[in-house]
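FYI, in mature numbering (1 follows the signal peptide of the UniProt record, and there is no 0) the residues of the sequence shown are -20 to -1, 1 to 329. Where a beta carbon is used, it is the ideal one built from N, C-alpha and C, also for glycine. Because the structure is a prediction, the values reported are computed rather than measured. These notes are about the structure you will find just below.
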Amino acid sequence: MRPLTQLLLAIFVTLVGSTAIDTNKRASPLAVSLTTSGNTEVKVAITNKGATALNLLSKGTILDESAPVEKVQIFSANTQIAFEGIRMRLLTSNLTQEFFTALAPGETKELTVETASLHTMDKSGVFDVFASGAIPYAEVGSTELIGTLSYASEKLSINVDGALASKVSKAISKRTILSSDCTGTKRTAVLNALSDCSSLAKAAASAAKAGTKITTYFKSSSAASTVAARLNAVAAECSSSSSGATTTHCADTYNGCSSNVLAYTVPSQNFIVYCDVYFSALPLLASSCHAQDQATTTIHENTHAPGVYSPGTQDYAYGFSSSTSLSASQALLNADTYALYANAIHLNC
Ligand SMILES: [Zn+2]
């Protein structure tokens, strides 16, 4: 029995190598197994069960340990959780050996995948993890792709603590790009405001989720999840100054700055400008309830940008008394209401 199996396997591998056809799960020499490794970390072991050495493409595949590409699929109650990373298309000519991983017969390559960095898993419970896909390969000693080998793991069920999972930083997120037209003390001020925008918006999102002060500011308890979602999007956007949905400027490109104008957003361009008054008249953080500051002005502007959360907000009202006089549907789309709410959560107003 054993010699025959090995013989058949050898013939099969030869066929794959020479005809470059896609293989199915049963026939592929690749075996992938998954084991848990912490809350949302999964260890992936890829073994060459075949009789000949493999030269597998690692760039952009499950073997890629640096790019945020899809390595596993996650399901919750049979519903797939969206993949939040990138899908790359390689220029396949002139590949180099550094893009490949060699796997001798019987050899296993292990890597650890942080599933929560590419999937939102912030609800506690059981998640089912699979690794299935295909890896292009070349002949040993070559970098010319001649086929793909498919793989499919068994299901791994993991018990996830959603609160812990939500703290895992995302491999890819929409974040602010700070323009080079913000220099010197303005640049420092914007960076500080972005940092506080992120922390205040995150805290406000958590409070909204819990329903804290929601009816005061948004006039309806049913607003909680939408408010939390928009504020989480703002927190993500403000969390870095080097990439994202919006661009942040200090030069008045659209001539929107004038006396008493703090900042403006061009929603169609997801373009945010901070005017001189923002820097000269506002503290980074207010110490009194419903007062204006740089951090919550940054939250206000970010809610206008549809690239952060769609639809972008309007300016139906400014300030606490006007904003809390709006209807529930208007409050949900009013920029200042989010700024006021973030301030109120921060200062426990
Ligand atoms: Zn506004």
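Is VAL120 helix, strand or coil when you go by DSSP? coil
Is there at least one non-hydrogen atom of ligand 1 closer than 7 Å to the beta-carbon of ALA25? no
Best match in ASP176, ALA114, PRO286, VAL120 for proximity to THR32 [C-alpha to C-alpha]: VAL120
Can you tell me where the beta strand (DSSP E) holding ASN131 begins and where it ends? A small fix is needed here, since residue 131 is Tyr in this sequence, not Asn. Here the beta strand (DSSP E) through TYR131 covers 125 to 132.
Assigned exposure category for ASP295 - 16 Cβ within 10 Å defines buried: exposed
On the criterion of 16 or more Cβ atoms from any shown chain inside 10 Å, does GLY30 qualify as buried, or is it exposed? buried
Given the structure, does ASP232 come close to ligand 1, in the sense that its CB is under 7 Å from one of the ligand's heavy atoms? no
What three-state label does DSSP hand GLN249 in the structure shown? helix
Nearest-angstrom Cα separation, counted from THR16 out to THR317: 43 Å
In the DSSP assignment, find the unbroken beta strand (DSSP E) run with ILE42 in it and report its ends. Segment: none, ILE42 is in no beta strand (DSSP E) and carries neither H nor E.
Any heavy atom of ligand 1 inside 7 Å of the beta-carbon of HIS280? yes
Using only the alpha-carbon positions, how far apart do THR228 and LEU242 sit? Spanning the two alpha carbons is a distance of roughly 13 Å.
Let me know if PRO263 comes out buried or exposed under the rule of 16 or more other beta-carbons within 10 Å of its beta-carbon. exposed
Which stretch, first to last residue, makes up the beta strand (DSSP E) that contains HIS229? 227 to 229
Excluding five sequence neighbours on each side, which residues of the same chain lie with their C-beta closer than 6 Å to the C-beta of CYS269? Around CYS269, the same chain offers LEU327, CYS329 as residues with beta carbons nearer than 6 Å, after the five sequence neighbours per side are excluded.
ALA84 to SER13, Cα distance in whole Å? 17 Å
For ASN250 versus ALA225, is the C-beta spacing smaller than 8 Å? Result yes, Cβ atoms of ASN250 and ALA225 sit closer than 8 Å.
Counting Cβ pairs, one atom from each stretch, are 3 or more of them under 8 Å apart for the stretch 231 to 239 and the stretch 201 to 215? no
If you drop the 5 nearest sequence neighbours on each side, which residues of the same chain put their C-beta closer than 8 Å to that of GLU87? Excluding residues within five positions, the ones whose Cβ falls inside 8 Å are THR27, ASN28.
Based on Cα-Cα distance, which residue from ASP161, SER159, GLU50, LYS199 lies nearest to residue 336? Limits of the chain in this structure are -20 at one end and 329 at the other, which puts residue 336 out of reach.
Compare the Cα-Cα distances from VAL142 to each of TYR321, GLY18, ASN282 and report the closest residue. Looking at the sequence provided, one finds Gly at residue 142 rather than Val. The candidate whose alpha carbon is nearest that of GLY142 is GLY18.
Any residues whose CB sits closer than 5 Å to a heavy atom of ligand 1? List them in chain order? Sorted by chain position, residues whose beta-carbon lies closer than 5 Å to a non-hydrogen atom of ligand 1 are ASP295, ALA315.
Buried or exposed: where does GLN272 fall if 16 or more other Cβ atoms within 10 Å of its Cβ makes it buried? buried
Go to residue 338, then tell me how far its alpha helix (DSSP H) extends in each direction, as first and last residue. The requested residue 338 does not occur in the structure, where the chain is confined to residues -20 to 329.
Where DSSP assigns a beta bridge to TYR244, which residues make up the other side? Note: TYR244 sits in a beta bridge opposite VAL253.
Where does GLU217 sit, in a helix, a strand or coil, going by DSSP? helix
Counting only runs that start and end within the stretch 127 to 191, where is the alpha helix (DSSP H) found for 4 or more residues in a row? 142 to 146, 164 to 189
I'd like to confirm the pairing. Which residues does DSSP put opposite SER112 in its beta bridges? ALA132
Figure out for me which residue from ALA319, PHE198, LYS193, GLY299 has the closest Cα to the Cα of ALA173. ALA319
Coil, strand or helix - VAL93 by DSSP: strand
Exposure of GLN274, with buried meaning 16 or more beta-carbon neighbours within 10 Å: buried
Report the three-state DSSP secondary structure of LEU320 (helix, strand or coil). helix
Which one of LEU36, GLU45, ALA185 has the shortest CA to CA distance from SER146? ALA185
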